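Peer 1: Pasting a structure below so you can have a look.
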């Protein structure tokens, strides 16, 4: 029999991380199929039982059937269980497998080629698949020690004992390596799925942030224009029509910006946003003065564009200001300051708008701070990069 078990290493082809996805069922069944195939060395032993070549053949047959079923169950549980540590039921089955194997090995040790002592290879592999390292290795060493002890006790040839021990070590080592590799592959798959989920979440947050920043400003301007149109409706039809046309233009622009946000193309220009914000503030009766530099680097230019857009939106909505001052300076850092003379910040100064600005600035190493008295001041600071410093 030992010649049939030299290459046996069944039942550990499956990862043993928690398996809850039904899509993994085919892989479980495939692993079980391999485990069944690796039982082929027992065919000769069952044939010997059938032909009456073993004493108490009926008892040997029952023992071999129980051994085979327990081996399949233990192997299946080794890769199908949902916890890293084997549960008590699994351990009971494994030790039952070991007990049956021990009884068969002792009872039929005088059979040719070491009798059924080669079943110890199955026990070693099943234990390695169940316990993993380091306990799996300890289990294999224990099985080998028992195998050698039985072999020496019943005067089994040393080369047969050595063959059983060697193949138990090699098969178990291969099982442990395969388990480790598959566990690593599954960890990588789980990590990849987590990264994909994180990317989806980042995109969702990006879209929510962009939608707030885009529509918050645009809708505020539309409200101001609509108020102007309402006040002039009876007195100046021409001005009313002009205000309505501006509302239409702003609405179309908002639609285009929403499409850009959906597509992910949202490059903003600080100069353009400053001009648009100045117009919107003027329509709301707020005079704007600015002292800015035209040579902002790309990432800073876009980030400051979002800041001035959101700051002007908050001024229109909440401040009741009459003046607004926008300044950009450069020292060791780029510094944008938007200051108004209104009543101070709204109760929700830490809302989505300023939170979104902080996220944008943090992405390029910058910071955002606010001061609510007197008036309200928004300060964005971005460190000057090495390339920017060389161009200074």
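Numbering (our numbering), first residue to last: 3 to 394.
All C-beta atoms in this analysis are idealised placements derived from N, C-alpha and C, irrespective of residue type, glycine included.
All figures in this text were calculated on a predicted structure; none of them were measured in a lab.
Is the segment 313-322 touching the segment 334-344, taking contact as three or more C-beta pairs under 8 Å?
Peer 2: Segments in contact, yes.
Peer 1: In whole angstroms, what is the alpha-carbon distance linking residue 103 and residue 67?
Peer 2: On the chain shown, residue 103 is found 101 positions in, with the first residue counted as 1. On the chain shown, residue 67 is found 65 positions in, with the first residue counted as 1. Whole-angstrom Cα-Cα distance: 11 Å.
Peer 1: Could you tell me if residue 204 is buried or exposed, where buried requires 16 or more neighbouring beta carbons within 10 angstroms of its beta carbon?
Peer 2: For this step, residue 204 is matched to residue 202 along the chain shown. Exposed.
Peer 1: In the DSSP assignment, the beta strand (DSSP E) including residue 157 goes from what residue to what residue?
Peer 2: Stepping through the chain shown from its first residue, residue 157 is reached at position 155. Counting along the chain, residue 157 falls outside any beta strand (DSSP E), and DSSP gives it neither H nor E.
Peer 1: Return helix, strand or coil for residue 119, following the three-state DSSP convention.
Peer 2: Position 117 of the chain shown, counting from 1, holds the residue named residue 119. Note: residue 119 maps to coil in three-state DSSP.
Peer 1: Can you name the start and end residues of the beta strand (DSSP E) that residue 293 belongs to?
Peer 2: In the chain shown, the residue the question calls residue 293 occupies position 291. Residues 289-293.
Peer 1: Is residue 103 helix, strand or coil by DSSP?
Peer 2: Within the chain shown, residue 103 is the residue found at index 101, counting from 1. Here residue 103 sits in helix by DSSP.
Peer 1: If I'm right that residue 118 touches residue 107 with Cβ under 8 Å, what's the distance once you round it to whole angstroms?
Peer 2: For the purposes of this step, residue 118 is taken as the residue at position 116 of the chain shown. For the purposes of this step, residue 107 is taken as the residue at position 105 of the chain shown. With 8 Å as the limit, residue 118 and residue 107 qualify as a contact, their Cβ atoms being about 6 Å apart.
Peer 1: State the CB to CB distance for the pair residue 149 and residue 128, rounded to an integer number of angstroms; the pair is presumed to be in contact (CB under 8 Å).
Peer 2: Indexing the chain shown from 1 puts residue 149 at position 147. Indexing the chain shown from 1 puts residue 128 at position 126. Rounded, the Cβ-Cβ distance is 14 Å, inconsistent with contact.
Peer 1: Am I right that residue 282 and residue 249 are in contact with their C-beta atoms under 8 Å? What's the rounded C-beta distance?
Peer 2: As a first step, residue 282 is located in the chain shown; it is residue number 280 there, counting from the start. As a first step, residue 249 is located in the chain shown; it is residue number 247 there, counting from the start. The pair is not a contact, with the Cβ atoms about 12 Å apart (cut-off 8 Å).
Peer 1: Look at the alpha carbon of residue 381 and the alpha carbon of residue 312, and state the distance between them as a whole number of angstroms.
Peer 2: Residue numbering aside, residue 381 sits at position 379 when the chain shown is read from its first letter. Residue numbering aside, residue 312 sits at position 310 when the chain shown is read from its first letter. Between residue 381 and residue 312, the C-alpha separation is close to 12 Å.
Peer 1: Give me the DSSP bridge partner(s) of residue 370.
Peer 2: Working through the chain shown from its first residue, we reach residue 370 at position 368. DSSP lists 382 as partners of residue 370.
Peer 1: Based on Cα-Cα distance, which residue from 358, 344, 71, 270 lies nearest to residue 373?
Peer 2: The residue labelled residue 373 in the question sits at position 371 within the chain shown. Looking at the Cα atoms, 344 is the closest of the given residues.
Peer 1: Assuming residue 330 is part of the beta strand (DSSP E), what are its boundary residues?
Peer 2: Translated into positions along the chain shown, residue 330 becomes position 328. Looking at the DSSP string, the run of the beta strand (DSSP E) that includes residue 330 is 325-332.
Peer 1: For a quick check, are the C-beta atoms of residue 71 and residue 98 less than 7 Å apart?
Peer 2: Stepping through the chain shown from its first residue, residue 71 is reached at position 69. Stepping through the chain shown from its first residue, residue 98 is reached at position 96. In this structure, residue 98 does not lie closer than 7 Å to residue 71 by Cβ.
Peer 1: What's the gap between the Cα of residue 295 and the Cα of residue 193?
Peer 2: Locating residue 295 in the chain shown gives position 293, where the first residue counts as 1. Locating residue 193 in the chain shown gives position 191, where the first residue counts as 1. Between residue 295 and residue 193, the C-alpha separation is close to 45 Å.
Peer 1: Rounded to whole angstroms, what's the CA-CA distance from residue 195 to residue 174? Just pull it up for me.
Peer 2: Numbered from 1 along the chain shown, position 193 holds the residue referred to as residue 195. Numbered from 1 along the chain shown, position 172 holds the residue referred to as residue 174. Cα to Cα, the separation comes out at about 31 Å.
Peer 1: Measuring straight from C-alpha to C-alpha, what distance separates residue 349 and residue 189?
Peer 2: Walking along the chain shown from the start, residue 349 turns up at place 347. Walking along the chain shown from the start, residue 189 turns up at place 187. Model confidence at residue 349 stands at a pLDDT of 43, short of 50, so the residue's coordinates are unreliable; what they give is reported in the following sentence. Their backbone Cα atoms lie some 46 Å apart in a straight line.
Peer 1: If you compare alpha carbons, which of 145, 135, 206 is closest to residue 180?
Peer 2: On the chain shown, residue 180 is found 178 positions in, with the first residue counted as 1. The shortest C-alpha separation from residue 180 is found at 135.
Peer 1: Would you kindly work out how many angstroms separate the C-alpha atoms of residue 359 and residue 304, rounded to a whole number?
Peer 2: For the purposes of this step, residue 359 is taken as residue 357 along the chain shown, with counting starting at 1. For the purposes of this step, residue 304 is taken as residue 302 along the chain shown, with counting starting at 1. The straight-line gap from Cα to Cα measures roughly 11 Å.
Peer 1: Determine the direct distance from the alpha carbon of residue 246 to that of residue 214, and round the result to whole angstroms.
Peer 2: Residue 214 sits at position 212 when you count from the first residue of the chain shown. Residue 246 sits at position 244 when you count from the first residue of the chain shown. The alpha-carbon atoms of residue 214 and residue 246 are separated by roughly 24 Å.
Peer 1: State the start and end residues of the unbroken alpha helix (DSSP H) segment that holds residue 270.
Peer 2: To locate residue 270, count along the chain shown from 1; it is residue 268. No alpha helix (DSSP H) contains residue 270, which DSSP labels as neither H nor E.
Peer 1: Assuming residue 335 is part of the beta strand (DSSP E), what are its boundary residues?
Peer 2: Position 333 of the chain shown, counting from 1, holds the residue named residue 335. Run containing residue 335: 335-342, per the beta strand (DSSP E) assignment.
Peer 1: What's the C-alpha gap between residue 237 and residue 243?
Peer 2: In the chain shown, counting from the first residue as 1, residue 237 sits at position 235. In the chain shown, counting from the first residue as 1, residue 243 sits at position 241. Residue 237 and residue 243: Cα-Cα distance of roughly 12 Å.
Peer 1: CA-CA distance, residue 123 and residue 197?
Peer 2: The residue labelled residue 123 in the question sits at position 121 within the chain shown. The residue labelled residue 197 in the question sits at position 195 within the chain shown. Rounded to whole angstroms, residue 123 to residue 197 spans 41 Å at the Cα level.
Peer 1: Identify whether residue 164 lies in helix, strand or coil by the three-state DSSP scheme.
Peer 2: The residue you call residue 164 lines up with position 162 of the chain shown. Here residue 164 sits in helix by DSSP.
Peer 1: Could you give the first and the last residue of the continuous alpha helix (DSSP H) run that contains residue 300?
Peer 2: Residue 300 sits at position 298 when you count from the first residue of the chain shown. 300-316 is the extent of the alpha helix (DSSP H) around residue 300.
Peer 1: Quick one, are the C-beta atoms of residue 321 and residue 385 less than 7 Å apart?
Peer 2: The residue labelled residue 321 in the question sits at position 319 within the chain shown. The residue labelled residue 385 in the question sits at position 383 within the chain shown. No, Cβ-Cβ distance for residue 321 and residue 385 is not below 7 Å.
Peer 1: If you draw a straight line from the alpha carbon of residue 310 to that of residue 201, how long is it in whole angstroms?
Peer 2: For the purposes of this step, residue 310 is taken as the residue at position 308 of the chain shown. For the purposes of this step, residue 201 is taken as the residue at position 199 of the chain shown. Cα to Cα, residue 310 sits roughly 28 Å from residue 201.
Peer 1: Measuring only the C-alpha atoms, how far is residue 9 from residue 176?
Peer 2: Walking along the chain shown from the start, residue 9 turns up at place 7. Walking along the chain shown from the start, residue 176 turns up at place 174. Note that residue 9 scores 38 on pLDDT, short of 50, meaning its location in the model is unreliable and no value can be drawn from it.
Peer 1: Which of helix, strand or coil does DSSP assign to residue 236?
Peer 2: Within the chain shown, the letter at position 234 stands for residue 236. Residue state, collapsed to three classes: coil.
Peer 1: Check residue 84 in the structure and name its three-state DSSP category.
Peer 2: Position 82 of the chain shown, counted from the start, is the residue given in the question as residue 84. Any answer about residue 84 is weak, because its pLDDT of 47 lies below 50 and its placement is not dependable; what the coordinates show is given next. Residue 84 falls in the coil class under three-state DSSP.
Peer 1: Alpha carbon to alpha carbon, how far is residue 287 from residue 326? Give it in angstroms, no decimals.
Peer 2: Counting from one through the chain shown, the residue named residue 326 turns up at place 324. Counting from one through the chain shown, the residue named residue 287 turns up at place 285. Each residue's alpha carbon lies about 11 Å from the other.
Peer 1: Identify, in the order they occur along the chain, each residue of the same chain with its Cβ nearer than 7 Å to the Cβ of residue 361, setting aside the five sequence neighbours on each side.
Peer 2: As a working note, residue 361 is residue 359 in the chain shown. Excluding residues within five positions, the ones whose Cβ falls inside 7 Å are 211.
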